[in-house]
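Enquirer: Quick one: structure below, then a few questions.
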Amino acid sequence: AADEVIAGKLNGHFPLSVWQTGSGTQTNMNANEVISNRAIEIAGGVIGSKTPIHPNDDVNMSQSSNDTFPTAMYIAATEMIEQQLIPSVKMLRDALHQKEIAFKDIIKIGRTHLQDAVPLTLGQEFSGYVAQLDMCLEAIDAEKKYLLHLAIGGTAVGTGLNSSKEFAERTCAYISKITGFSFTSSKNKFASLSSHNGVLLVSGVLKTMAAALMKIANDIRWLASGPRCGIGEITIPENEPGSSIMPGKVNPTQCEAMTMVCAQVFGNDATIGFAGSQGNFELNVFKPVLIYNLIQSIYLIADVCRSFTAHCARGIEANKSVIDHYVKNSLMLITALNPVIGYDKAAKIAKTAHADNSSLKEACLKLGFLTAAEFDQAVDPKKMI
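The opening position of the sequence shown corresponds to residue 469 in our numbering, with each subsequent residue numbered one higher.
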C-alpha cells in the first residue's frame, strides 16, 4: 500500500491544502488513513473498518506528526537539491564557462555605476558569472548536510515517547538505503521538532543563488539591448516575437523569466525566515509553509537554469563591431595616462575630447601634453587588461 502511494497511484486521495495545522498533522493522518485503507482493501477487508490495519496503531506506530512531517520535509528537499537543483545550476555554470573561453580575447569597455570604465575582456566579464555560480554551488554543498539529520524517533516533543530505542537509527538506515543519501538520526530531537535551521540555511543559499542569477540575467539583457539604440555588445537567441504591436521586436524573455523567478525566491526566503522563528517551546508550527516555499524555490531555480541554458546562454554571441567601436571611442582609456602625466592633465584631456567631440589622442595633441607616439605607447587597451 505504501509503495502505491510512493508510485503516485493514490494521488487522488490526497486533497489537502498546505494551509492546515502547522505540524502537518492532517497530511500525516491523510497518509496514514490512505495506507491503512489500501492495505485493508488488499487484505480483503472493509475500507474504513480500521482492521486489520489501523491508521494510528499500525501505520503511525512509533511516530508522531511532529517528527514524521519534518522527516518527510528533509527527505524531499534533499532529493530535489541533489537531483534537480545542483545539476541544473552546474549546467548553466558550464555554459557560461564555455562563453568565457570563447570570449577570452575580445577586449571591451567595462562599466561601473552604469558609466564607462576601463577595459576588460568579455571573457573576464563572463568569468565573474561563473565564479558567482561556483560560490553558490560550494555554499549549497556546505549547507545541504543539515537536511540529512532526521527528526524521526522524537515523536511528540522530542523524548521519543511510544517509540522503541532502535526505531530512529533503523529507520534512518533504511531511508538512506532506499534513497541513496546518508540520512542520520538527529542528535537532538528537541531542536529538530521545534526549529528548522537547516531549512533556513538552505533557503539562504537559494536567495544568494537568486541574487547571482538576477545579476547575470540583468547584465545579459542590458548587454544585448538594442538592436540599434541599446548597448548591443552581445546578441542572444530570438526565441519568439516580443511585441503584439511592434513588428520585428524581440524581447529578452529568458532573462525576464529568470529575474521574476529570483523575485519569487527572495519572497520565499522572507517567508521561510519568519516561519523558522516560530518554534514556540517544543514545536515549530509553520512546517507546511516552510517546506512549501523551500520546495518551490528549489524547483523554480532548477527549472529556470535549465531553460535559460537551453534557450539563451548557449546561443550568446559577441557583437565584435559594436564592442570595438565602444573601445575606440571610450574616454575612460585616459586612465592609462594617470601614471604618465598625472590625474589632472588626464582629466583635462578627457573633458576636452568630450567637449570637442574629438578623440583622446586628438585632445592630447591639441593640449600639447604628449606626442602621438608617446600617446600610442601609453594608451593601448591590450595593456590595460
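For every residue, glycine included, the Cβ atom is placed at its ideal position computed from N, Cα and C.
1. Label L581 either buried or exposed according to how many other C-beta atoms from any shown protein chain fall within 10 Å of its C-beta, with 16 as the threshold for buried.
2. Return the CA-CA distance between K683 and A585, expressed in angstroms with no decimal places.
3. Is the closest heavy atom of the ligand MG to the C-beta of Q592 under 6 Å?
4. Per DSSP, which residues does H617 bridge with? Please list them.
5. Note down the Cα distance separating N761 from G666, rounded to an integer number of angstroms.
6. Please name the residue in K675, Q845, P807 whose C-alpha comes closest to that of L768.
7. Which two residues bound the contiguous alpha helix (DSSP H) that contains T580?
8. Within 10 angstroms of the Cβ of A610, are there 16 or more other Cβ atoms? Answer buried if so, exposed if not.
9. Give the range of the beta strand (DSSP E) segment to which A469 is assigned.
10. Are three or more beta carbon pairs between the region 712 to 720 and the region 803 to 820 nearer than 8 Å?
11. I'd like the ranges of any alpha helix (DSSP H) spanning at least 4 consecutive residues and lying wholly in the region 527 to 571.
12. Counting only runs of 4+ residues fully inside the region 635 to 697, write out the alpha helix (DSSP H) ranges in chain order.
13. Taking the straight line between their C-alpha atoms, what separation do you get for E547 and A818?
14. If I measure Cβ to Cβ from K612 and keep anything under 6 Å in the same chain, skipping five residues before and after, which residues do I get?
15. Among R561, T623, A607, which has the Cα closest to the Cα of G596?
16. According to DSSP, is G744 part of a helix, a strand, or is it coil?
17. CB E509 to CB I503, shorter than 7 Å?
18. Could you give the first and the last residue of the continuous beta strand (DSSP E) run that contains D584?
19. Buried or exposed: which applies to R689, given that a residue is buried once 16 or more other Cβ atoms fall within 10 Å of its Cβ?
20. Alpha carbon to alpha carbon, how far is S826 from N806? Give it in angstroms, no decimals.
21. In whole angstroms, what separates the C-alpha of L758 from that of A540?
22. Identify, in the order they occur along the chain, each residue of the same chain with its Cβ nearer than 8 Å to the Cβ of V670, setting aside the five sequence neighbours on each side.
23. Can the beta-carbon of I702 be found closer than 7 Å to that of I784?
24. With distances taken Cα to Cα, identify the nearest neighbour of Q531 among N496, Q551, K851.
25. Output the boundary residues of the alpha helix (DSSP H) element that contains M497.
26. So for T519, helix, strand or coil by DSSP?
27. At which residues does the alpha helix (DSSP H) containing L835 begin and terminate?
28. Does E785 come out as helix, strand or coil in the three-state DSSP assignment?
29. Round the Cβ separation of G700 and N787 to the nearest angstrom and send it over; I've been treating them as touching at under 8 Å.
30. Does the region 643 to 650 come within contact of the region 690 to 699, defined as at least 3 CB pairs closer than 8 Å?
31. Can you give the Cα-Cα distance for S517 and Q600, rounded to whole angstroms?
32. Count the other CB atoms within 10 Å of the CB of S789; is the residue buried (16 or more) or exposed (fewer)?
Expert: Considering the structure as presented:
1. Sequence index remark: in the sequence shown, residue 581 carries index 113 (1-based). Here residue 581 is His; the residue named in the question, Leu, does not match the sequence. A residue is called buried when at least 16 other Cβ atoms come within 10 angstroms of its Cβ; H581 does not meet this threshold and is exposed.
2. Locating residue 683 in the sequence shown gives position 215, where the first residue counts as 1. Locating residue 585 in the sequence shown gives position 117, where the first residue counts as 1. C-alpha separation (whole angstroms): 18 Å.
3. The ligand MG is not among the ligands present in this structure, which contains no ligands whatsoever.
4. Residue mapping note: residue 617 aligns to position 149 of the sequence shown, counting from 1. In DSSP, H617 forms a bridge with T652.
5. Numbered from 1 along the sequence shown, position 293 holds the residue referred to as residue 761. Numbered from 1 along the sequence shown, position 198 holds the residue referred to as residue 666. For N761 and G666, the gap between their C-alpha atoms comes out near 14 Å.
6. What you label residue 768 is simply residue 300 of the sequence shown in a count that begins at 1. Nearest C-alpha to L768: K675.
7. Here residue 580 refers to the residue found at position 112 of the sequence shown. Here T580 belongs to no alpha helix (DSSP H); instead the beta strand (DSSP E) covers 575 to 580.
8. The residue labelled residue 610 in the question sits at position 142 within the sequence shown. So A610 ends up on the exposed side.
9. Working through the sequence shown from its first residue, we reach residue 469 at position 1. That residue, A469, is in no beta strand (DSSP E); it is neither H nor E in DSSP.
10. Between the region 712 to 720 and the region 803 to 820 there are fewer than three C-beta pairs closer than 8 Å, too few to call the two in contact.
11. For secondary structure counted as the alpha helix (DSSP H) over 4 or more consecutive residues, the region 527 to 571 holds these complete runs in sequence order: 533 to 548, 554 to 570.
12. DSSP runs (the alpha helix (DSSP H)) wholly in the region 635 to 697: 635 to 647, 657 to 662, 665 to 691.
13. For the purposes of this step, residue 547 is taken as residue 79 along the sequence shown, with counting starting at 1. For the purposes of this step, residue 818 is taken as residue 350 along the sequence shown, with counting starting at 1. Going by the C-alpha atoms only, they are around 57 Å apart.
14. As a working note, residue 612 is residue 144 in the sequence shown. For K612, same chain residues with a beta-carbon under 6 Å away, outside a window of 5 residues either side, are I549 in chain order.
15. Residue mapping note: residue 596 aligns to position 128 of the sequence shown, counting from 1. In this structure, R561 is the residue among R561, T623, A607 with its C-alpha nearest to the C-alpha of G596.
16. Here the question's residue 744 lines up with position 276 in the sequence shown. Of the three classes helix, strand and coil, the one that applies to G744 here is helix, per DSSP.
17. To locate residue 509, count along the sequence shown from 1; it is residue 41. To locate residue 503, count along the sequence shown from 1; it is residue 35. Their beta carbons are not under 7 Å apart, which means E509 does not touch I503 by this criterion.
18. What you label residue 584 is simply residue 116 of the sequence shown in a count that begins at 1. 583 to 589 is the span of the beta strand (DSSP E), which, as asked, contains D584.
19. In the sequence shown, counting from the first residue as 1, residue 689 sits at position 221. When all chains shown are included, R689 counts as buried.
20. In the sequence shown, counting from the first residue as 1, residue 806 sits at position 338. In the sequence shown, counting from the first residue as 1, residue 826 sits at position 358. Their backbone Cα atoms lie some 20 Å apart in a straight line.
21. Here the question's residue 758 lines up with position 290 in the sequence shown. Here the question's residue 540 lines up with position 72 in the sequence shown. Going by the C-alpha atoms only, they are around 12 Å apart.
22. Taking the first residue of the sequence shown as 1, we reach residue 670 at position 202. A545, I549, I608, E611, K612, Y614, L615, L762, listed in sequence order.
23. Looking up residue 702 in the sequence shown gives position 234. Looking up residue 784 in the sequence shown gives position 316. Against a cut-off of 7 Å, the Cβ pair of I784 and I702 comes out as a contact.
24. Here residue 531 is taken as the residue at index 63 of the sequence shown, counted from 1. For Q531, the nearest C-alpha among the options comes from N496.
25. Sequence index remark: in the sequence shown, residue 497 carries index 29 (1-based). Counting along the chain, the unbroken alpha helix (DSSP H) around M497 starts and ends at 493 to 510.
26. As a working mapping, residue 519 is identified with position 51 in the sequence shown. Reduced to three states, the DSSP call for T519 is coil.
27. Translated into the one-based positions of the sequence shown, residue 835 becomes position 367. First-last of the alpha helix (DSSP H) with L835: 828 to 835.
28. Along the sequence shown, read from residue 1 onward, the residue named residue 785 stands at position 317. DSSP, read as helix, strand or coil, puts E785 in strand.
29. Your numbering for residue 700 matches position 232 in the sequence shown. Your numbering for residue 787 matches position 319 in the sequence shown. Sure, about 6 Å apart at Cβ, within 8 Å.
30. Using a Cβ-Cβ distance cut-off of 8 Å, the region 643 to 650 and the region 690 to 699 are not in contact, since fewer than three pairs of beta carbons, one from each stretch, lie closer than that value.
31. Mapped onto the sequence shown, residue 517 falls at position 49. Mapped onto the sequence shown, residue 600 falls at position 132. Near 57 Å, if we compare the C-alpha coordinates of Q600 and S517.
32. For the purposes of this step, residue 789 is taken as the residue at position 321 of the sequence shown. Answer is exposed; the Cβ neighbour count stays below 16.
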